[in-house]
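Using this note's numbering, count along the sequence shown one by one with no gaps and you end on 124.
Where a beta carbon is used, it is the ideal one built from N, C-alpha and C, also for glycine.
The structure displayed is predicted, hence computed values, not measured ones.
Right, one structure below, let's go through it.
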Amino acid sequence: MRRASRAAEDEALARFFHGLSDPTRVRVLRFLLDGPKTAGEIVRHLGRHQPSVSSHLTCLRFCGYVEARRQGRNVLYEIIDPDVRRIMEKGERYLGRNEDRILACRVIGAETD
């Protein structure tokens, strides 16, 4: 299999991090760091409408951040990939040292390209 060009890899990596740029998806992933949760538990935790949460869960599942499995009448969502778990945990540690700088950045959040 041919390796993607460096530019294509950069684009894919940017998309990976873009998937983590939505606060709702980050909240879902942080909630799942504690272990598998049902869709209903996630909806209640977020305090959002089910269709909105479902859309975010579909995105997270499709892109491989989480996996879903049926357990009786419920669907359980969980972080399976240890790299996703480590990225979230490292992000939390990084934020602990740099939160003021990140929140003050005028570029992040204003980007359209």
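Taking the Cβ atom as the reference point for each residue, do residue i and residue j lie within a distance shorter than 7 angstroms?
i	j	result
Leu87	Pro34	no
Val77	Ile98	no
Please state the DSSP three-state secondary structure of residue i.
i	result
Ala23	helix
Leu87	strand
Arg117	coil
Arg59	coil
Ala15	coil
For residue i, collect the residues of the same chain with a Cβ closer than 7 angstroms to its Cβ; drop the 5 residues on either side in sequence, then sort them by chain order.
i	result
Arg41	Met99
Around the C-beta of residue i, are 16 or more other C-beta atoms found within 10 angstroms, so that it is buried, or is it exposed?
i	result
Arg17	exposed
Leu43	buried
Val118	exposed
Whole-angstrom Cβ separation of residue i and residue j, contact assumed at under 8 angstroms?
i	j	result
Arg36	His67	5 angstroms
Excluding the 5 residues preceding and the 5 following residue i in the sequence, name in chain order all residues of the same chain whose CB lies nearer than 8 angstroms to its CB.
i	result
Leu71	Gly30, Arg36, Val39, Leu40, Val77 and Tyr88
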